[in-house]
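Asks: Sequential numbering of the sequence shown, starting at 42, is according to my numbering.
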Amino acid sequence: MGTSAKVGRIGFTTTIPLEILFAARKIPIDLNNVFITHPEKKALVEEAELEGFPRNICGWIKGIYAVTTRLDLDEVIAVTQGDCSNTQALMETLQLKGVKIFPFSYPYDRDEELLHLQIKKMMDHFGVTEAATGRVKMRLDKTRERLTLIDRLTWQAGTVSGFENHYFLVNASDMKGDFEAFEKEVEDFLKEVKGRDRFDTEIALGYVGVPPIYDDLYSFIEALGARVVFNETQRQFSMPYRTTTLLEQYLRYTYPYDIFSRLRDIRGEVQRRRIVGIIHYVQSFCFRQIEDLILRYEIDLPILTIEGDKPTSLDARTKVRIESFIEMVKGKQEGHDSP
Ligand code: SF4
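1) Can you tell me the Cα-Cα spacing of G139 and L194, whole angstroms?
2) Touching or not, the stretch 271-290 and the stretch 209-216, by the rule of three or more beta carbon pairs under 8 angstroms?
3) Distance check for A213 and R313, CA to CA, integer angstroms please.
4) In its own chain, which residues sit with a C-beta less than 6 angstroms from the C-beta of N266, not counting the 5 before and 5 after it?
5) Whole alpha helix (DSSP H) runs in the stretch 116-180 with 4 or more residues, listed along the chain?
6) I363 to V86, Cα distance in whole Å?
7) Opposite H321 in the DSSP bridges: which residues?
8) Report the three-state DSSP secondary structure of D238 (helix, strand or coil).
9) Roughly how many whole angstroms lie between the Cα atoms of L287 and Y296?
10) Answer yes or no: do T353 and K83 have a C-beta to C-beta separation smaller than 8 angstroms?
11) What distance in whole Å lies between the Cβ atoms of G247 and I160, which are believed to be in contact at a cut-off of 8 angstroms?
12) Please identify the residue among D219, D256 and G203 whose C-alpha is closest to the C-alpha of H79.
13) For V177, does the count of other Cβ atoms within 10 angstroms reach 16, so buried, or fall short, so exposed?
14) Put V269 into one of helix, strand or coil per three-state DSSP.
15) Should Q277 be listed as close to ligand 1, given that the test is whether its C-beta is under 7 angstroms from any heavy atom?
16) Compute the minimum distance between the beta carbon of W196 and the heavy atoms of ligand 1, and state whether it is under 7 angstroms.
17) Return yes when at least one heavy atom of ligand 1 lies under 7 angstroms from the C-beta of I102, else no.
18) From R308 to R337, what distance separates their C-alpha atoms?
This is the structure we're talking about:
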């Protein structure tokens with residue numbers, strides 16, 4: 042064989058059917074993950090602001106914009122419906138920089154036919170068949186099962202931390218661009234966890250909302266004797282359901298559709314995992330903040346809403362609010378447990 046051809050790298054703004062990209066022998070790159078793990082993530086946001094992004098636009102959008110301009114990508118898949126109200130303008134600014142855009146959308150009403158058409162359009166665009174994609178799905182399903190085991194070990198066996206749970210599930214969105222290497226990382230972690238003792242945690246919390254922009258949230262919670270045993274959105278990225286087709290898989294995925302299916306999922310997991318309080322993370326200037334009122338109306342548990350803006354560590358005020366919340370939940374639990 043001669044020199045191997047360059048493998049195309051495809052960026053995206055939220056979870057899309059990555060099975061299609063792997064079937065097309067492309068490298069999927071979740072731009073959120075690249076931004077949030079970037080050593081200069083704070084500078085990326087400032088870079089976007091210097092280019093003219095308004096101050097009152099979400100930090101993720103600015104970070105994704107700046108990181109995309111630094112990456113050598115063949116194309117970016119923009120999820121124009123089912124993710125973020127800012128995506129269209131973000132894509133237009135990237136187009137201005139010469140980035141090629143392919144739009145994908147999740148129908149709000151979860152219409153099967155419309156989603157089928159979107160998946161078909163994406164397969165045609167990347168030149169792959171349903172059979173080839175199906176074979177990749179079977180392969181990735183095995184990794185998804187192992188991720189479900191990591192999730193179960195978090196709340197059932199109590200041997201996985203809230204951050205570790207977040208880390209593995211959030212990375213399911215692009216399997217770090219190389220599913221075989223990611224699979225190995227997952228297996229190595231499962232081996233390591235086998236010999237561990239159960240975390241000595243008193244309080245089981247749920248984390249709801251988009252992944253946090255803070256880098257020390259989970260460790261801070263754990264230092265206070267509580268632990269996140271349910272990461273709602275991250276778990277959805279891992280697609281923890283047994284499905285036979287790609288269409289079924291992306292129809293069961295709750296994140297891009299209405300909040301009511303998310304609420305059903307949250308209620309079920311809260312009960313199953315014996316969760317006693319919820320941390321609802323909202324991002325500054327994000328339209329999803331409005332959903333906080335629906336969550337409070339529909340979920341009968343103590344809820345703490347925290348808001349993040351720039352990629353930094355937790356600020357003092359948020360720390361105090363988390364501390365008081367955990368104290369309050371602890372008090373409630375002790376009252377409940379005492380004879
Ligand atoms: S946090 Fe909200 S505004 Fe920001 S990218 Fe995500 S959905 Fe969009």
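C-beta: ideal position from N, C-alpha, C; glycine also. These numbers were taken from a predicted model, which means no experiment stands behind them.
Replies: Let me lay it out:
1) Spanning the alpha carbons of G139 and L194 requires a straight line of approximately 45 angstroms.
2) Result yes; three or more Cβ-Cβ pairs closer than 8 angstroms.
3) In this structure, the CA atom of R313 is about 23 angstroms from the CA atom of A213.
4) A quick correction: the sequence has Gly, not Asn, at residue 266. Close CB contacts of G266 within its chain, under the 6 angstroms cut and outside five residues either way in sequence, are with E243 (chain order).
5) Fully enclosed alpha helix (DSSP H) runs of 4 or longer: 128-137 and 153-166.
6) Cα-Cα distance, rounded: 26 angstroms.
7) DSSP output for H321 lists V249 and T346 as bridge partner(s).
8) DSSP places D238 in coil when its eight states are reduced to three.
9) Rounded to whole angstroms, L287 to Y296 spans 16 angstroms at the Cα level.
10) Contact: yes.
11) With 8 angstroms as the limit, I160 and G247 do not qualify as a contact, their Cβ atoms being about 31 angstroms apart.
12) Among D219, D256 and G203, the Cα nearest to that of H79 is on D256.
13) Classification of V177: buried, given that the 10 Å Cβ count is 16 or more.
14) Of the three classes helix, strand and coil, the one that applies to V269 here is strand, per DSSP.
15) Every heavy atom of ligand 1 is 7 angstroms or more from the Cβ of Q277, so no.
16) No.
17) Under cutoff, so the answer is yes.
18) The straight-line gap from Cα to Cα measures roughly 12 angstroms.
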